[in-house]
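Chemist:
Number of protein chains: 2
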Amino acid sequence: MRGMRFSKTFIKTLRTAPKDEAAKNGALLTRAGYIHKEMAGVYDYLPLGLRVIENIKRVIREELNKLGCEEVQMSALQNPEPWEKTGRFSDQEVDIWFKTNLSSGGELGLAPTHEEPITNMLKSYISSYKDLPLYVYQFQTKFRNELRAKSGILRGREFLMKDLYSFHTSEEDLDRFYAEVEKAYGRIFARLGIGEDTYETFASGGIFAKYSHEFQTVLPVGEDTIYYNTDKSIVLNKEVYNNEVLEDLGAAGEKFEETTAAEVGNIFKLKFKYSEPLELKYIDEENKQQTVYMGCYGIGVSRVMGVIAEKFADDKGLVWPEEVAPYKYYLVGIGENGMAEAEKFYAGREDTTLFDDRKARPGEKFADAELMGLPYRIVISDKTLAEDAAEVTDRRTGESQMVKLADLAKF
Amino acid sequence: MRGMRFSKTFIKTLRTAPKDEAAKNGALLTRAGYIHKEMAGVYDYLPLGLRVIENIKRVIREELNKLGCEEVQMSALQNPEPWEKTGRFSDQEVDIWFKTNLSSGGELGLAPTHEEPITNMLKSYISSYKDLPLYVYQFQTKFRNELRAKSGILRGREFLMKDLYSFHTSEEDLDRFYAEVEKAYGRIFARLGIGEDTYETFASGGIFAKYSHEFQTVLPVGEDTIYYNTDKSIVLNKEVYNNEVLEDLGAAGEKFEETTAAEVGNIFKLKFKYSEPLELKYIDEENKQQTVYMGCYGIGVSRVMGVIAEKFADDKGLVWPEEVAPYKYYLVGIGENGMAEAEKFYAGREDTTLFDDRKARPGEKFADAELMGLPYRIVISDKTLAEDAAEVTDRRTGESQMVKLADLAKF
Chain A
55 MRGMRFSKTF
65 IKTLRTAPKD
75 EAAKNGALLT
85 RAGYIHKEMA
95 GVYDYLPLGL
105 RVIENIKRVI
115 REELNKLGCE
125 EVQMSALQNP
135 EPWEKTGRFS
145 DQEVDIWFKT
155 NLSSGGELGL
165 APTHEEPITN
175 MLKSYISSYK
185 DLPLYVYQFQ
195 TKFRNELRAK
205 SGILRGREFL
215 MKDLYSFHTS
225 EEDLDRFYAE
235 VEKAYGRIFA
245 RLGIGEDTYE
255 TFASGGIFAK
265 YSHEFQTVLP
275 VGEDTIYYNT
285 DKSIVLNKEV
295 YNNEVLEDLG
305 AAGEKFEETT
315 AAEVGNIFKL
325 KFKYSEPLEL
335 KYIDEENKQQ
345 TVYMGCYGIG
355 VSRVMGVIAE
365 KFADDKGLVW
375 PEEVAPYKYY
385 LVGIGENGMA
395 EAEKFYAGRE
405 DTTLFDDRKA
415 RPGEKFADAE
425 LMGLPYRIVI
435 SDKTLAEDAA
445 EVTDRRTGES
455 QMVKLADLAK
465 F
Chain B
55 MRGMRFSKTF
65 IKTLRTAPKD
75 EAAKNGALLT
85 RAGYIHKEMA
95 GVYDYLPLGL
105 RVIENIKRVI
115 REELNKLGCE
125 EVQMSALQNP
135 EPWEKTGRFS
145 DQEVDIWFKT
155 NLSSGGELGL
165 APTHEEPITN
175 MLKSYISSYK
185 DLPLYVYQFQ
195 TKFRNELRAK
205 SGILRGREFL
215 MKDLYSFHTS
225 EEDLDRFYAE
235 VEKAYGRIFA
245 RLGIGEDTYE
255 TFASGGIFAK
265 YSHEFQTVLP
275 VGEDTIYYNT
285 DKSIVLNKEV
295 YNNEVLEDLG
305 AAGEKFEETT
315 AAEVGNIFKL
325 KFKYSEPLEL
335 KYIDEENKQQ
345 TVYMGCYGIG
355 VSRVMGVIAE
365 KFADDKGLVW
375 PEEVAPYKYY
385 LVGIGENGMA
395 EAEKFYAGRE
405 DTTLFDDRKA
415 RPGEKFADAE
425 LMGLPYRIVI
435 SDKTLAEDAA
445 EVTDRRTGES
455 QMVKLADLAK
465 F
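In C-alpha cells, the structure reads:
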C-alpha cells in the first residue's frame, strides 16, 4: 500500500459520463477514475479501483483464513478432460463458455468457474479420511461469454470471483462447515458495508440438496427478484417462491413483499455432484473407499465493488464504506500555509491518504473529493488555521466539524 | 500472510516426480507441493507456490513504487481494435495468440502482452505536457499459444508477468527513466537472490532504438545463449553477437565466452512504436501537438520463480533465497517436550514459520524440510532441550548450530 498525490497520479476525473455506459456504477466509477472500459463487460482497474478490489479481497481473506481455508490460484485455461466427465464442457450444457484452440491441436476453455479442475486436482492430495476436511479458495478471474453486458461491473464477461470449495467425509461435517461459512459471509458483508441490506435467501438446490442459499443485496437495478416476509426472517429467490416451498418453510399464509436485488454470493451443498463423476474418493476408517462430500461458496468480488458503488452513490458521486475505500482521507491544502500544514499531515499517513496537492481551485478539489467518495475530506486553510484546526467533512452525512490540529493525529 | 501447520494443510510432498514433467523446476516444485500441472505450460499455484509468487511481486512492487510507478490491472480479453492499428492482431504477425469469439459476434484475443491496450487507455488521461512523465505497471496473467511447453514454469502458455510502461515528452526523459529502471532491476534481482548471476545484456533494438536490454540469468537449461567478455562488463545476446556490434561497443578483438541463460526481464525504448499508430499525443508548452515517447519494462514473475527453483536446487530439493521463501523457518518438534516447546516458538511467528506438527518420523520431516527448501530448519527435541537450545540448520550450506532458546527469539 502507498499514498497518492493527485499531482503525480495519471488519474483524472471526467466531467461527463462516457456515452456507452448505461449503468450508474460503470459511469460513476469511470468518471471518478476507478475503472476504464475495454469493451462491454470488460474493464481495467486503475490505481484507485485496484485498491478497492484489494480491500474487498483482504476482508474476505481474513475471514476465510479464520476458518482454516487455504488460498491457491488455479489456471484460467481449462483442459476439457475433467469438464467432459461432468458433461459441462458442452456449449449446450454451459452456454457461456469462451473456447479457444491450442496451436498444437485441441480445444481449451476459459474457466467460467472452477469446480471441475479443483476436484480433479485434489485427487492428488486426498486419499485418506485423515486428509479431510479441507477448505481451498482462490481469487481468480472468471470468463463468461454473456450475450449482453450492460450493467457495468455488476455483470462482466471478465470478472473477479472468490471461490471456496470444501471437502468432507460426511454430510454432518459438510453441514457444520456450511453453517460456519454462512456466519463468515455475514461478517464479510457487514465489514464491506452492505450487511444491513444483504439477505441470505433460499434458492434452488439442484439434485443433491433441497435448497442452496444466495446472498442478495437489495438494489434497485439488481437483476434478481427476492421475496421477504414481514420480519425478514425468511427471504426467497423468485425460482423458489411458491406454495410448496412456503409450506416447507412453515411460512404458508405469511405476507411476502417483492424487491429487486443483486446476488453478491452463493453457497451450495454439492455433495457428490462433482466428486462422483470425477471420482474423488478416500479410504475411510474401516478401509473402505468412499466418495468425498463437497460444498462450494462464491463471492463476486468485482460485482461487490459495483454493488457498493451503485448502492451508496448520491447525486455528488461515490460514497465508500471505510473498509472498502481506497483511502480514508481526501486531504486538501488551501493557500501556502494550508498546503504546508497538509504536507505535515500527509507525511507518515501516505497509506491512508489521497493528497490533492494540485494547483487547482478549491471548488474543483471539493467536487473531485465528492465524486471520488473517500470517507473523510480534510481541509486545511488560513481560515481553519486561524482556529489551529482542520475542517473534517464526513462524505456520507455531509457533516463538517473543526478538529484541532493536535487532535487530528488521533482522529 | 498466515502460518501453516503441516497437519492442517492439504499439501503433501510426493516421493517421485510426475512422469510427464521433464523440467527440473516443474518436477521439484510439483514434488514439494508448490504447483500442480493442469496441462503442458499451464499450472496451478498451491499455498506455498502462491506465497513465493506474492513475495516476488512484493519485492518488485516495492522497488517500482519507489520510482513513482502506479499499479493498475488491465483485462485479459482483448478488443482487436487497438491491435489492428499496430498490425499485431494478425496471427501472421504475432504467432502465439489465443483467439476466442464473443457469443454476440466478433473475435477477441487473450492478451500475450499489453502495449496496445495500455497506450490506448492512456489517451483518456494524457492531453498535456503537464500530464507527463507517467509510469504505469501491472501484474497480469499473459497467454501465449506456444507450440511446445516443456520447461515447467520457465515457459508457460499461461504465466504471470509484471509489465511497466513509461510515457514521456522527450527522448532525454525516456533515457533518464530507462536508466532508473535499469538500477531498480538490479536491486530487484539482487533481493530475489539471483543478482550475482543475472546480467544486463545487449539485445536487438527494433526500428526505434539501436539496442534493447535483457536481464539474463545464467542457467544450464536456459533457452538463450549469451556472450560475455573477461570482466563481464559487456554481455550480449546471440542475435547481436557480431563484429559490427562488438565494434560499436568498443569491444572488437576482446575474447568472449558463451553460456546458456534464461531471460528474466527486458527493457525496451519503444519511442513512437505504439504511440504513433495509436495516436497517443499531447500538447506541448508551445501549444503544439506531439507524440508521446514510450518505454516498456517486463519481468517474468512465474519464470523468475522457476529460474530460482531450477538454479539453487540440490540433490535434496529446493533452496529458496530468504526474500522469496514462502516461510523463513521449517519448525520441527520431536517428542512431547520438543513439540510443546515448538508450539511456544510458533505462537506469534505464524507469518514466518511452517510448523511440521505431523505425527511422523523425524526422518520423514527432515526429508520434507530439505525438499521444500525453506532457509532455516529449527529442530527442538529432548536432546536439544538438554542444552536449553534448538538446532538451527541452514538449508543452503547444510550447517547446523545450537541456538539457546532464549536467543531463538532474536534469531
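Chain order of the listed sequences is A and B.
Quick note on numbering: this note's numbering labels position 170 of the first sequence as 224, and the sequence is numbered without any gaps.
Quick note on numbering: this note's numbering labels position 82 of the second sequence as 136, and the sequence is numbered without any gaps.
Glycine included, every Cβ here is placed at the ideal spot set by N, Cα and C.
This structure is a prediction, so every number in the text was calculated from the model and none was measured.
Please compile the residues from chain B whose C-beta is within a distance smaller than 9 Å of the C-beta of A/Met128.
Modeler: Within the first sequence, numbered from 1, the residue matching residue 128 of chain A stands at position 74. Within chain B, the residues near A/Met128 are His90, Glu92, Asp98 and Tyr99.
Chemist: Just to confirm the assignment: which complete beta strand (DSSP E) runs, minimum length 3, are found wholly within the region 352 to 431 of chain A?
Modeler: Runs found: 383 to 387 and 407 to 410.
Chemist: B/Leu332 lies in the beta strand (DSSP E); which residues open and close that run?
Modeler: Sequence index remark: in the second sequence, residue 332 of chain B carries index 278 (1-based). B/Leu332 -> no beta strand (DSSP E), and no H or E assigned at all.
Chemist: If I follow the unbroken beta strand (DSSP E) through A/Met93, where does it start and stop?
Modeler: The residue you call residue 93 of chain A lines up with position 39 of the first sequence. A/Met93 -> beta strand (DSSP E) spans Ile89 to Met93.
Chemist: Assign A/Gly352 to one of two classes, buried (16 or more other C-beta atoms within 10 Å of its C-beta) or exposed (fewer than that).
Modeler: On the first sequence, residue 352 of chain A is found 298 positions in, with the first residue counted as 1. So A/Gly352 counts as buried.
Chemist: Once the 5 residues before and after A/Ser266 are set aside, which same chain residues still bring their CB inside 6 Å of it?
Modeler: As a position in the first sequence, residue 266 of chain A is number 212, starting the count at 1. Taken in chain order, the residues that qualify are Ala257, Gly259 and Phe322.
Chemist: Mind pulling the alpha helix (DSSP H) runs of 4 or more residues that sit fully within the region 180 to 207 of chain A?
Modeler: List check, alpha helix (DSSP H) in window: nothing returned.
Chemist: Counting only runs of 4+ residues fully inside the region 133 to 178 of chain B, write out the alpha helix (DSSP H) ranges in chain order.
Modeler: Listed in chain order, they are 134 to 140 and 169 to 176.
Chemist: Do the CB positions of A/Ala77 and A/Ser205 come within less than 8 Å of each other?
Modeler: In the first sequence, counting from the first residue as 1, residue 77 of chain A sits at position 23. In the first sequence, counting from the first residue as 1, residue 205 of chain A sits at position 151. Cβ distance < 8 Å, so A/Ala77 and A/Ser205 count as in contact.
Chemist: Does DSSP put B/Glu312 in a helix, a strand or coil?
Modeler: Indexing the second sequence from 1 puts residue 312 of chain B at position 258. Residue state, collapsed to three classes: strand.
Chemist: Mind checking A/Met359: buried by the 16 CB within 10 Å criterion, or exposed?
Modeler: Against the first sequence, residue 359 of chain A aligns to sequence position 305. By the neighbour-count rule (16 or more Cβ atoms within 10 Å), A/Met359 is buried.
Chemist: Can you give me the Cβ contacts of B/Trp151 inside the same chain, cut-off strictly under 7 Å, excluding the 5 residues immediately before and after it?
Modeler: Translated into positions along the second sequence, residue 151 of chain B becomes position 97. So the list reads Asp145, Gly163, Pro166 and Asn199, once near-sequence residues are dropped.
Chemist: Count the other CB atoms, across all protein chains shown, that sit within 10 Å of the CB of A/Arg415; report buried if there are 16 or more and exposed otherwise.
Modeler: Counting from one through the first sequence, the residue named residue 415 of chain A turns up at place 361. Exposed.
Chemist: Note down, one range per segment and in chain order, each alpha helix (DSSP H) of at least 4 residues found wholly within the region 57 to 113 of chain B.
Modeler: Listed in chain order, they are 78 to 85.
Chemist: Just to confirm before moving on: does the CB-CB distance between A/Asn79 and A/Leu208 stay below 8 Å?
Modeler: Taking the first residue of the first sequence as 1, we reach residue 79 of chain A at position 25. Taking the first residue of the first sequence as 1, we reach residue 208 of chain A at position 154. Against a cut-off of 8 Å, the Cβ pair of A/Leu208 and A/Asn79 comes out as a contact.
Chemist: So B/Val289 is in the beta strand (DSSP E); what residue range does that whole segment cover?
Modeler: The count along the second sequence starts at 1 and reaches residue 289 of chain B at position 235. Run containing B/Val289: Val289 to Asn291, per the beta strand (DSSP E) assignment.
Chemist: What are the residues that DSSP puts in a beta bridge with B/Ile321?
Modeler: Numbered from its first residue, the second sequence carries residue 321 of chain B at position 267. Beta-bridge pairing links B/Ile321 to B/His267 and B/Tyr351.
Chemist: Compute the distance between the beta-carbons of B/Gly427 and B/Leu385, then report whether it is under 8 Å.
Modeler: If you number the second sequence from 1, residue 427 of chain B lands on position 373. If you number the second sequence from 1, residue 385 of chain B lands on position 331. No, Cβ-Cβ distance for B/Gly427 and B/Leu385 is not below 8 Å.
Chemist: Would you say B/Glu364 reaches chain A, if we count a Cβ-Cβ gap shorter than 8 Å as a contact?
Modeler: The residue labelled residue 364 of chain B in the question sits at position 310 within the second sequence. Closer than 8 Å: no.
Chemist: Are the beta-carbon atoms of A/Glu75 and A/Lys62 separated by less than 8 Å?
Modeler: Translated into the one-based positions of the first sequence, residue 75 of chain A becomes position 21. Translated into the one-based positions of the first sequence, residue 62 of chain A becomes position 8. It is not a contact, given that the beta carbons lie outside the stated cut-off.
Chemist: Assess contact between the region 128 to 148 of chain A and the region 339 to 356 of chain A, defined as three or more Cβ pairs (one per stretch) separated by less than 8 Å. Is contact present?
Modeler: Segments in contact, no.
Chemist: Which residues mark the beginning and the end of the alpha helix (DSSP H) in which A/Phe243 is found?
Modeler: The sequence position of residue 243 of chain A within the first sequence is 189, counting from 1. A/Phe243 -> alpha helix (DSSP H) spans Glu225 to Arg245.
Chemist: Cβ of B/Met348 less than 8 Å from any chain A Cβ?
Modeler: Locating residue 348 of chain B in the second sequence gives position 294, where the first residue counts as 1. It does not: the Cβ of B/Met348 has no partner Cβ on chain A nearer than 8 Å.
Chemist: Would you report the Cα separation of B/Gly452 and B/Ala423, rounded to the nearest angstrom?
Modeler: Numbered from 1 along the second sequence, position 398 holds the residue referred to as residue 452 of chain B. Numbered from 1 along the second sequence, position 369 holds the residue referred to as residue 423 of chain B. C-alpha separation (whole angstroms): 12 Å.
Chemist: Could you check whether A/Met348 and B/Glu98 sit closer than 8 Å to each other, using their CB atoms as the reference points?
Modeler: Residue mapping note: residue 98 of chain B aligns to position 44 of the second sequence, counting from 1. Residue mapping note: residue 348 of chain A aligns to position 294 of the first sequence, counting from 1. Before going on, a small fix: residue 98 of chain B reads as Asp here, not Glu. Cβ distance not < 8 Å, so B/Asp98 and A/Met348 don't count as in contact.
Chemist: Per DSSP, what kind of secondary structure is B/Asn341 in: helix, strand or coil?
Modeler: Residue 341 of chain B sits at position 287 when you count from the first residue of the second sequence. Coil at B/Asn341, not helix or strand.
Chemist: Using the beta-carbon count (16 or more within 10 Å), is B/Arg467 buried or exposed?
Modeler: No statement about residue 467 of chain B is possible, as the shown extent of chain B runs from 55 to 465 and does not include it.
Chemist: Given B/Gln343, which residues of its chain have a CB within under 8 Å of its CB, disregarding the five upstream and five downstream residues?
Modeler: Translated into positions along the second sequence, residue 343 of chain B becomes position 289. Lys335, Tyr336 and Ile337.
Chemist: Is A/Pro274 buried or exposed, if buried means 16 or more other CB atoms sit within 10 Å of its CB?
Modeler: The count along the first sequence starts at 1 and reaches residue 274 of chain A at position 220. Answer is exposed; the Cβ neighbour count stays below 16.
Chemist: Does the region 326 to 335 of chain A come into contact with the region 95 to 110 of chain A, if we say contact requires no fewer than three beta-carbon pairs (one atom in each stretch) closer than 8 Å?
Modeler: These segments do not touch.
Chemist: What is the DSSP secondary structure of B/Thr438, counted as helix, strand or coil?
Modeler: For the purposes of this step, residue 438 of chain B is taken as the residue at position 384 of the second sequence. Helix, per DSSP.
Chemist: Strictly under 8 Å for the Cβ-Cβ distance: is B/Pro331 near chain A by that measure?
Modeler: For the purposes of this step, residue 331 of chain B is identified with residue 277 of the second sequence, where counting begins at 1. Closer than 8 Å: no.
Chemist: With a threshold of 8 Å on Cβ separation, who are the neighbours of B/Glu376 within its own chain once the five nearest residues in sequence on each side are excluded?
Modeler: Reading the second sequence from its first residue, position 322 is the one you call residue 376 of chain B. Gly247, Lys382 and Pro429.
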